[in-house]
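Chemist: Top line first, the protein sequences correspond to chains A and B.
Under the numbering used here, think of the first position of the first sequence as 1, with each following residue one higher.
Under the numbering used here, think of the first position of the second sequence as 1001, with each following residue one higher.
We put the CB at the ideal spot given by N, CA and C, even for glycine.
None of the values given here were measured: they were computed from a predicted structure.
Could you have a look at this structure, given as structure tokens, before my questions?
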Amino acid sequence: MEQEPNEPSSRAERRAQAQQRSRAGLAIGVAVVVIIAAVVVGVLVFAGGGGDSDDDDGGDASRPVANTNVTLELGEVTADSAGPPVTVGPEVTDGVIDLVGRYLEVATVEPLRKAAPAGDLSGVFDAAALARVNGPDRAALVDEGAPEVTGDLDVVAKPVAVTGLGDQSGNLVLVTATLDLDVTGATAAKGPPLHILRSGYFVLTPDPAGVWKVSAYGITVGREGGGIDATTTTAATTGAGGGQ
Amino acid sequence: MTRRPPRRRALVALVIAPLVCGLALAATVTAAWLAVGSPRPADAAVWMQVSKLAGATYTGAPEQPFFALVVGTGARSDDPAESVDDPGLADAIHVIGVNPALGAATILDIPRDTEGPGGAKLNSYIVNSTENFGLRAEADAVSEVTGLPITYVVRANFPNFVQMVDEIGGIDVNLPTELVDEFSGANFPAGPNHLNGDQALALARTRYALPRGDIDRTLNQGLIMLSALQTVRARPQSPGETVRLVATAGRHVKLDGLGVRDLFALGQLALAVDPVNVKNVVLPVGSGGGSNLVKTADAASLLADMADDGVLQSH
């Protein structure tokens, strides 16, 4: 009787063929697992879940939301006059608080949140004062150059005391506003959070268009924590004036 | 019995206002006045006149120094018609240089007999012109003698002097030596003295008991201005307090060429100057023609030192 060509000729041959089929199956299984694993990893990477990105805009629900809290309110309001009595009405005090609020936003909140230069302060300071704010007094008036605040930012102002001065005809010609700020913000740096204390006053006068702006100031600021060394800067603009 | 010199009226006129004249003293008066609980004066007496001279080159920039002339007269009023018994000679003359950026000042005390342009005594130019009640002419003469550009002129008259000092509750003056003068009535030990209005007037008048007469008297007047500044600075300060001081002063000041806003800025400046950073010096003078005094050779360098930035560094 003639034997088929692929027919194992003996028990040993049949055993060897069985082992060959077993090794091929194992190789296919391993390859499938590796491919699946690669696909999974790829999906995770492209989905952004497995990267090491600094981008905080991914909506990671596990990270707490950073809040910015600004506390600002009107304090005591008084007035005195070189002539007939004057009063400081709500139209003026509201404007003072609004102006101080804009100052805090532009000079403190935005630079700390964005770690970027402050924006335009021409709506807060008159031309002469602005020249100094943009020049020699900038370090005392603007919180640029500090580390970015990535956590909560708290700006707490003591109630702003406003005092008006009337001229010899009884016209309100200027008001003073106290400024006493305590700023705290968490940064990525190790150690205590960024802490800024700013105190002093603004002198506000109406410009030719009748818009009240800061025309003089006396400010002292101290900064520490958040990865910076303690600093203190003082600035004051007090000329003898040219207007009346 | 001792008779007083015939020039009593002139002596009285001398006393006057440099003491009360300075911007700092104005602030002192009002501050102390408020402190003793009198928010408004009994009447609207005019304590002084403050003029900003037209054409002054000062712009008000914080870095820019400026000069103020302080004169004291015996006139009862800026209006000659209301002061017929005294022509109102500038018998007390001081130039105050202020450097806002440095927070420093210099008081230059000028003897009244110093020779001015054309040979007249420097105290006389104020009565030779009606512009700015004579203050322009006086300022121009002082500028020509000193080389210092005057922006502001402060003039105080005699009648309210005693009242002003009493209203503030007196002035604390630290005298370097004992001072006794029967003509002026001064009788003060060396050291701290609390002076009422009459006593302050006596100190300001005292000349005969002083080694250099009128030269030392003008120096004492500068000392009183410094003492006034120290008194003000010793009180609690805040923007609101400055407003109240200026408002009170504004009710007693005749303003010419400037307004209450400027007065506020000047008040801020005065309060920002530490008396430690204020020098009080007399213009170096010697004998000239007749009773005139003329600047000595030392005056040139002193005035140049003061002219460059408002204050003395090397003198």
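Out of A/V106, A/G166, A/A107, which has the shortest C-alpha to C-alpha gap to B/T1248?
Modeler: Among A/V106, A/G166, A/A107, the Cα nearest to that of B/T1248 is on A/G166.
Chemist: Listing by chain order, which chain B residues have their CB less than 8 Å from the CB of A/D120?
Modeler: By Cβ distance, chain B contributes nothing, its closest Cβ being about 23 Å from A/D120, past 8 Å.
Chemist: Cβ of A/R198 within 8 Å of Cβ of A/A146?
Modeler: No, Cβ-Cβ distance for A/R198 and A/A146 is not below 8 Å.
Chemist: If the cut is a Cβ gap below 7 Å, which residues of chain B does A/D167 touch?
Modeler: Within 7 Å Cβ-Cβ: G1259, V1260.
Chemist: Distance check for A/W212 and A/E91, CA to CA, integer angstroms please.
Modeler: Looking at the two C-alpha atoms, the distance is approximately 11 Å.
Chemist: If the cut is a Cβ gap below 7 Å, which residues of chain B does A/Y201 touch?
Modeler: Simply P1239.
Chemist: Any beta-carbon of chain A closer than 8 Å to the one on B/R1207?
Modeler: Chain A, which has no Cβ nearer than 8 Å to the Cβ of B/R1207, makes this no.
Chemist: Looking at the secondary structure, which residues open and close the alpha helix (DSSP H) in which B/N1220 lies?
Modeler: B/N1220 -> alpha helix (DSSP H) spans 1214–1233.
Chemist: Mind checking B/P1192: buried by the 16 CB within 10 Å criterion, or exposed?
Modeler: Label assigned to B/P1192: exposed.
Chemist: Can you give the Cα-Cα distance for A/L121 and A/K114, rounded to whole angstroms?
Modeler: One C-alpha to the other measures close to 17 Å.
Chemist: Just tell me which of B/N1174, B/H1194, B/Q1199 has its CA closest to the CA of B/G1185.
Modeler: Of the listed residues, the one whose Cα sits closest to B/G1185 is B/Q1199.
Chemist: Output the distance between the C-alpha atoms of A/L141 and A/V221, rounded to the nearest integer angstrom.
Modeler: Their Cα atoms are separated by approximately 8 Å.
Chemist: Check each candidate in B/S1238, B/K1279, B/G1170, B/Q1237 and name the one with the smallest Cα separation from B/A1228.
Modeler: Residue B/G1170 is the option with its Cα nearest to B/A1228.
Chemist: Of the residues B/D1298, B/V1050, B/S1301, which one's Cα is nearest the Cα of B/Y1152?
Modeler: The option with the nearest alpha carbon to B/Y1152 is B/V1050.
Chemist: Cβ of B/V1098 within 8 Å of Cβ of B/G1267?
Modeler: Result no, Cβ atoms of B/V1098 and B/G1267 do not sit closer than 8 Å.
Chemist: Kindly indicate which residue of B/R1136, B/N1174, B/L1148 has the alpha-carbon position closest to the one of B/Q1221.
Modeler: Closest by alpha carbon: B/N1174.
Chemist: Is A/D229 helix, strand or coil by DSSP?
Modeler: Residue state, collapsed to three classes: strand.
Chemist: Buried or exposed: which applies to A/P192, given that a residue is buried once 16 or more other Cβ atoms fall within 10 Å of its Cβ?
Modeler: By the 10 Å Cβ count, A/P192 comes out exposed.
Chemist: How many angstroms separate the CA atom of A/D126 from the CA atom of B/F1067?
Modeler: Answer to the nearest angstrom: the Cα atoms are 26 Å apart.
Chemist: Just the C-alpha distance for A/A230 and B/R1261, rounded to the nearest angstrom, thanks.
Modeler: Each residue's Cα considered, the two are about 37 Å apart.
Chemist: Could you give the distance in angstroms between the alpha-carbon of A/L74 and the alpha-carbon of B/T1114?
Modeler: Rounded to the nearest angstrom, the two C-alpha atoms are 56 Å apart.
Chemist: If you reduce the DSSP assignment to three classes, tell me which class B/P1275 lands in.
Modeler: Of the three classes helix, strand and coil, the one that applies to B/P1275 here is helix, per DSSP.
Chemist: Using a threshold of 8 Å, state whether the C-beta atoms of B/L1226 and B/N1280 are closer than that.
Modeler: Going by C-beta atoms, B/L1226 is nearer than 8 Å to B/N1280.
Chemist: With distance defined between alpha-carbon atoms, name the residue in B/V1046, B/L1179, B/V1232, B/A1190 nearest to B/T1206.
Modeler: The candidate whose alpha carbon is nearest that of B/T1206 is B/L1179.
Chemist: Please name the residue, chosen from A/V162, A/P208, A/L153, A/K158, that lies closest to A/A186 on a Cα-to-Cα basis.
Modeler: Out of A/V162, A/P208, A/L153, A/K158, A/L153 has the C-alpha closest to the C-alpha of A/A186.
Chemist: So that I know if they touch, is there some Cβ in chain A lying closer than 8 Å to that of B/F1067?
Modeler: False, the Cβ-Cβ gap to chain A never drops below 8 Å.
Chemist: Kindly indicate which three-state DSSP category B/F1188 falls into: helix, strand or coil?
Modeler: B/F1188: strand per DSSP, three-state reduction.
Chemist: Determine the chain B residues that contact A/V173 at a beta-carbon separation under 9 Å, and present them in chain order.
Modeler: G1259, V1260, R1261, F1264, listed in chain order.
Chemist: Just mark A/V156 as buried or exposed, buried being the case when its beta carbon has 16 or more other beta carbons within 10 Å.
Modeler: Label assigned to A/V156: exposed.
Chemist: Candidates A/I219, A/R138, A/G119: which alpha carbon is nearest A/L179's?
Modeler: Here the closest residue by C-alpha is A/I219.
Chemist: I'd like to know whether the C-beta atoms of B/G1103 and B/D1274 end up nearer to each other than 8 Å.
Modeler: Going by C-beta atoms, B/G1103 is nearer than 8 Å to B/D1274.
Chemist: Where does B/Y1058 sit, in a helix, a strand or coil, going by DSSP?
Modeler: Three-state result, B/Y1058: coil.
Chemist: Going by C-alpha to C-alpha distance, which of B/D1256, B/K1052, B/Y1058, B/A1092 sits closest to B/L1219?
Modeler: With distances taken between Cα atoms, B/L1219 lies closest to B/A1092.
Chemist: Using a Cβ-Cβ cut-off of 8 Å, state whether B/L1229 counts as contacting chain A.
Modeler: Chain A, which has no Cβ nearer than 8 Å to the Cβ of B/L1229, makes this no.
Chemist: Determine contact between the region 1129–1142 of chain B and the region 1057–1074 of chain B, defined as no fewer than three beta-carbon pairs at a distance below 8 Å.
Modeler: Short answer: they touch.
Chemist: Restricting to Cα atoms, I'd like to know which of A/S81, A/L72, A/N67 is closest to B/E1241.
Modeler: Closest option to B/E1241, Cα to Cα, is A/S81.
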